[in-house]
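Chains as they are written, first to last, in the working numbering: chain A, 22 to 285; chain B, -16 to 246. Using N, Cα and C, we set each Cβ at its ideal position, and we do this for glycine too. Bear in mind the structure is a predicted one, so any value in this text is a computation, not a measurement. Inspection log for the structure reproduced underneath, given as structure tokens.
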Amino acid sequence: MLHPAYVELARSRFLTLLAYRENFWTGIAVYIVYIGAYHFLWQAIYEGREALGGLTPAQMTSYLAVAWMARAFYFNHLDREIAAEIRDGRVAIELIRPYNYLAAKLAAALGEGVFRLVFFALPGMAVACALFPVRLPPAQVWPAFFLALFLSYWVNALVNVLTGLAAFFLLDNSGLMHARRVLVDLFSGLYLPLSFYPAWAREVLGFLPFQAIAYLPNLAFAGGLRGGALARALAVQALWIGVLALAAAALWRVAHRRLAVQGG
Amino acid sequence: MAGHLALAAHYLAQHLKARLAYRADLWAGLVSDLASQAASLVFILVVFEHVPALKGWSRDELIFIYGYFLVPFSIFNATSANLWNFAERYVVRGELDRVLTRPLNSLFQVLLETVEVESLLGGLGGVALMAWAGRRLALDVSWADLPLLLALTVGSVLVYNGIFVALASVAFWTDSRSGLIPLVWNLHVYGRYPVEIYDRWLRFLLTWVLPISFTAFYPATYLLDRAAWRSYALATPAVGLAVFALGLLAWNAGLRRYRGAGW
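Structure representation (structure tokens):
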């Protein structure tokens, strides 16, 4: 599976982005703007209350900061890239190349993710810690958190692959892709930890893959997941990666058969 | 002035026709607008399941403010696409040459050459939210309030436009991409919540330096009948005019420097 070609694809995307690393300071600033907005908003919402939705005010600020900076890592435009290649026919060239198209896309996007982690998320987190009362977790939580973060990349990337592949079946899937982005941000727990939702909504969200993108790793970081609960969260993430990967492979196979490339 | 207005109507009609030719795009734009509005609403609804009020503001009041916020925000977003890529499209590629040969205000043309009609339609969601929340709050709105409401909305749009015209004008001095426009654009989230939630410095900044609070919170409080903020609310049109005048100053100063892209 881990063929050197895929490692090379990830590496070359990383190196390409390296040329543009100065552009990322605005990205960091924008995310800080968002963390700030929600930090002030949440402080006003707590207004002296000790806990809401199972989180203390300090935990909430940590949750927010890590939520945005984790998003800087896992966020990508895989769906747009795939849809564009399907729309303009470049996918035909991809098909004659000696690699698995989806695996190649995922590898390149991971290279981008690692780049964003190093030049966006980590410095951004340092800025957030300097500006807001973010509490870093104890040392023993870090390995599990980074594992959860790594898994969240795959869950999000596979959701993106599925919406991107919809371009094979829909004349125009840009509405779907926009809606996907908003839904993921809302239901993954970026703005709002899922513990705030009413019980029935929590029940529904528990059956959806979005919690595995943000809520579980962020909660681990903020100190809301320990021991068995943490292990269970990692298992849920792994389960979703398996389910989504199977779905993506199946959709790809069906799409492949429908593909009619114009011109010769 | 009348000529400009008539032309604006023609521009709009053309954009609408072009949009209707590609209905799928129009729908896609509407869906994404509605989805993000729904997400913001869900946030407010869920949070108020846990707390009765936010610094003395009720759920319906916040929804009303959010509804007001959407109207000037959508109008601005619909006409600001060319401010975002002004440096690239008009200065680097020199399209401003074409604009300047026409006997019509250059800024007016740049703003209206691209209009995202679906974003304007998204503003209707804001009107609906104001109506819904206003009814629940039993707000006392008479027909006499409408001209003032219109003036407040225009003021808010002018605040946005003034700020972003000034930022776009930076391109006359340097064509390197500064990334300032997306950064400032994202500050809009601060405008739609009561300024009481921010600390003193931020409140000062949002009122007097980058008057983002005049794009939503201050003017919306007028109809919510909060005496404490009345003077701020009524100042919105004046603030809008002042900010837009500054934007125009920057624009005109930049135009005088502009030498075209060719030789």
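Query raised in the report: What residues in the stretch 204 to 216 of chain A bring their beta carbon closer than 8 Å to a beta carbon of chain B?
Result: LEU204, ASP206, LEU207, TYR212 and LEU213
Report task. State the Cα-Cα distance for the pair LEU272(A) and PRO194(B), rounded to the nearest angstrom. Result -> The residue you call residue 272(A) lines up with position 251 of the first sequence. The residue you call residue 194(B) lines up with position 211 of the second sequence. If I take the Cα positions, the gap works out to 49 Å.
Query raised in the report: Does ALA187(A) have its Cβ less than 8 Å from a Cβ in chain B?
Result: Walking along the first sequence from the start, residue 187(A) turns up at place 166. Output row for ALA187(A): interface = no.
Query raised in the report: Leaving out the 5 sequence neighbours to the left and right, which residues in its chain are closer than 6 Å to LEU207(A) when beta-carbon positions are compared?
Result: Start at 1 with the first residue of the first sequence, and residue 207(A) comes out as number 186. Once the five neighbours on either side are set aside, LEU207(A) has no close Cβ partner at all.
Query raised in the report: Quick one: Cα of PRO154(A) to Cα of THR82(A), how far?
Result: For this step, residue 154(A) is matched to residue 133 along the first sequence. For this step, residue 82(A) is matched to residue 61 along the first sequence. Taking the straight line from one Cα to the other gives about 7 Å.
Report task. Show which residues of chain B have a CB atom less than 9 Å away from the CB atom of PHE61(A). Result -> Counting from 1 along the first sequence, the entry for residue 61(A) is found at position 40. By Cβ distance, chain B contributes TYR173, TYR176, ILE180, TYR181, ASP182 and LEU185.
Query raised in the report: Cβ of ILE234(A) less than 8 Å from any chain B Cβ?
Result: To locate residue 234(A), count along the first sequence from 1; it is residue 213. No, because no Cβ of chain B sits closer than 8 Å to the Cβ of ILE234(A).
Report task. Note down, in chain order, every chain A residue with its Cβ under 7 Å from the Cβ of PRO165(B). Result -> Locating residue 165(B) in the second sequence gives position 182, where the first residue counts as 1. Within 7 Å Cβ-Cβ: THR47 and VAL51.
Query - Beta carbon of TYR55(A) nearer than 8 Å to that of ASN60(B) - result: As a working note, residue 55(A) is residue 34 in the first sequence. As a working note, residue 60(B) is residue 77 in the second sequence. Taking 8 Å as the Cβ cut-off, TYR55(A) and ASN60(B) do not qualify as a contacting pair.
Query raised in the report: Would ALA52(B) count as contacting chain A if we go by Cβ distances under 8 Å?
Result: As a working mapping, residue 52(B) is identified with position 69 in the second sequence. One point to set straight first is that residue 52(B) is Phe, not Ala, in the sequence displayed. No, its Cβ sits nowhere closer than 8 Å to a Cβ of chain A.
Query raised in the report: Shortest alpha-carbon distance to GLN232(A) belongs to which of MET198(A), TRP221(A), ASN194(A) and ASN177(A)?
Result: What you label residue 232(A) is simply residue 211 of the first sequence in a count that begins at 1. Per the Cα distances, ASN177(A).
Report task. Determine, using beta carbons only, whether VAL162(A) comes closer than 8 Å to chain B. Result -> Here residue 162(A) corresponds to residue number 141 of the first sequence, with the count starting at 1. By this cut-off, VAL162(A) is not an interface position.
Requested in this report: Indicate the three-state DSSP secondary structure (helix, strand or coil) for TRP46(A) in the structure shown.
Outcome: Translated into positions along the first sequence, residue 46(A) becomes position 25. In this structure, TRP46(A) counts as helix in the three-state DSSP scheme.
Query raised in the report: Exposed or buried, THR84(B), counting other C-beta atoms within 10 Å across all chains shown (16 or more means buried)?
Result: Walking along the second sequence from the start, residue 84(B) turns up at place 101. The residue in question, THR84(B), is exposed, as its Cβ has fewer than 16 Cβ neighbours within 10 Å.
Requested in this report: Compare the C-beta of PRO219(A) with all C-beta atoms of chain B and state if any pair is closer than 8 Å.
Outcome: Against the first sequence, residue 219(A) aligns to sequence position 198. For PRO219(A), the answer is yes, since a Cβ of chain B falls inside 8 Å of its Cβ.
Query - Ordered list of beta strand (DSSP E) runs contained in the stretch 16 to 41 of chain B, each at least 3 residues - result: none
Report task. Give a yes or no on contact between the stretch 150 to 157 of chain B and the stretch 35 to 45 of chain A, applying the rule of three or more CB pairs nearer than 8 Å. Result -> no
Report task. Measure the alpha-carbon distance for PRO25(A) versus ALA129(A) and round it to whole angstroms. Result -> Locating residue 25(A) in the first sequence gives position 4, counting from the first residue. Locating residue 129(A) in the first sequence gives position 108, counting from the first residue. Each residue's alpha carbon lies about 13 Å from the other.
Query raised in the report: Shorter than 8 Å from the beta carbon of HIS199(A) to some beta carbon of chain B?
Result: Within the first sequence, numbered from 1, the residue matching residue 199(A) stands at position 178. Output row for HIS199(A): interface = yes.
**Report entry** Which residues DSSP lists as bridging LEU73(A), in chain order
**Finding:** As a first step, residue 73(A) must be located in the first sequence, where it is residue number 52. LEU76(A).
Query raised in the report: Can you name the residues of chain B whose CB is closer than 8 Å to the CB of TYR148(A)?
Result: The residue given as residue 148(A) occupies position 127 in the first sequence. First, the residue type needs correcting, since residue 148(A) is Val and not Tyr in the sequence shown. What VAL148(A) touches in chain B: nothing, since even the nearest Cβ is about 14 Å away.
Requested in this report: Starting from the beta carbon of TRP10(B), find every residue of chain A whose beta carbon is closer than 7 Å, and list them in chain order.
Outcome: Position 27 of the second sequence, counting from 1, holds the residue named residue 10(B). Those within 7 Å of TRP10(B) in chain A are GLY196.
Query raised in the report: DSSP state of LEU193(B), grouped into three classes?
Result: Numbered from its first residue, the second sequence carries residue 193(B) at position 210. Three-state result, LEU193(B): coil.
Query raised in the report: With 16 as the cutoff for other CB atoms within 10 Å, does THR157(B) come out buried or exposed?
Result: Start at 1 with the first residue of the second sequence, and residue 157(B) comes out as number 174. By the neighbour-count rule (16 or more Cβ atoms within 10 Å), THR157(B) is not buried but exposed.
Requested in this report: Specify, as a first and last residue, the run of the alpha helix (DSSP H) that THR204(B) falls within.
Outcome: Translated into the one-based positions of the second sequence, residue 204(B) becomes position 221. Note, THR204(B): alpha helix (DSSP H), 200 to 207.
Query - Segment contact, 8 Å Cβ cut-off, at least three pairs: the stretch 50 to 58 of chain B with the stretch 234 to 254 of chain A - result: no
**Report entry** 8 Å contact criterion, which PRO158(A) and PHE166(A) should meet: CB distance rounded
**Finding:** Counting from one through the first sequence, the residue named residue 158(A) turns up at place 137. Counting from one through the first sequence, the residue named residue 166(A) turns up at place 145. Their Cβ separation, rounded to whole angstroms, is 7 Å, which keeps PRO158(A) and PHE166(A) in contact under 8 Å.
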